[in-house]
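Everything below concerns the one structure shown next.
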């Protein structure tokens, strides 16, 4: 059953306590290949947006909540479920991306794409997410 944006926003808020820089990088590096380039790109966009000092605290709270949801070891669809384990994560990340899109600039996109190239090689297509946040 697909969740509404409002339900995802509530879950994002409640998961912010699970976010830490160390937990974030541990989960991302461990599960990047399994999660896939779309999930990783969304996560990296949020992470690099969080690093910008001019981003308002309210926006940072949204990002931290979404990244906390990603880090959370248990969620609606277990991340170990092959093929679908990260679909709920991508939904929560998508809601957060939509809410913070105005703070995602080309520098942030380039940082995220550089990291994607490290993990996935050249030719990763980010156009689907880029088009949604433009």
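Numbering (the numbering used here), first residue to last: -12 to 121.
Idealized CB from N, CA, C, for every residue including glycine.
For clarity, every value in this text was computed on a predicted model and none was experimentally measured.
Report the three-state DSSP secondary structure of residue 52 (helix, strand or coil). Residue mapping note: residue 52 aligns to position 65 of the chain shown, counting from 1. Three-state result, residue 52: helix.
Given that a residue counts as buried once 16 or more other Cβ atoms are within 10 Å of its Cβ, and exposed if not, what is residue 65? What you label residue 65 is simply residue 78 of the chain shown in a count that begins at 1. With a pLDDT of 45 at residue 65, under the threshold of 50, the modelled position of this residue cannot be trusted, and the question is left open.
Report yes if the C-beta distance between residue 84 and residue 33 is below 8 Å; otherwise report no. Locating residue 84 in the chain shown gives position 97, counting from the first residue. Locating residue 33 in the chain shown gives position 46, counting from the first residue. A contact, by the Cβ cut-off of 8 Å.
For the structure I just gave you, are there three or more beta carbon pairs, one from the stretch 41 to 51 and one from the stretch 10 to 25, closer than 8 Å? no
Using a Cβ-Cβ cut-off of 8 Å (strictly less than) and excluding sequence neighbours within five positions of residue 39, which residues of its own chain qualify? If you number the chain shown from 1, residue 39 lands on position 52. Answer for residue 39: 90, 95, listed in chain order.
Expressed to the nearest angstrom, what Euclidean distance is found between the alpha-carbon atoms of residue 58 and residue 107? Within the chain shown, numbered from 1, the residue matching residue 58 stands at position 71. Within the chain shown, numbered from 1, the residue matching residue 107 stands at position 120. About 20 Å.
For the alpha helix (DSSP H) that contains residue 16, what are its first and last residues? Reading the chain shown from its first residue, position 29 is the one you call residue 16. Here the alpha helix (DSSP H) through residue 16 covers 8 to 22.
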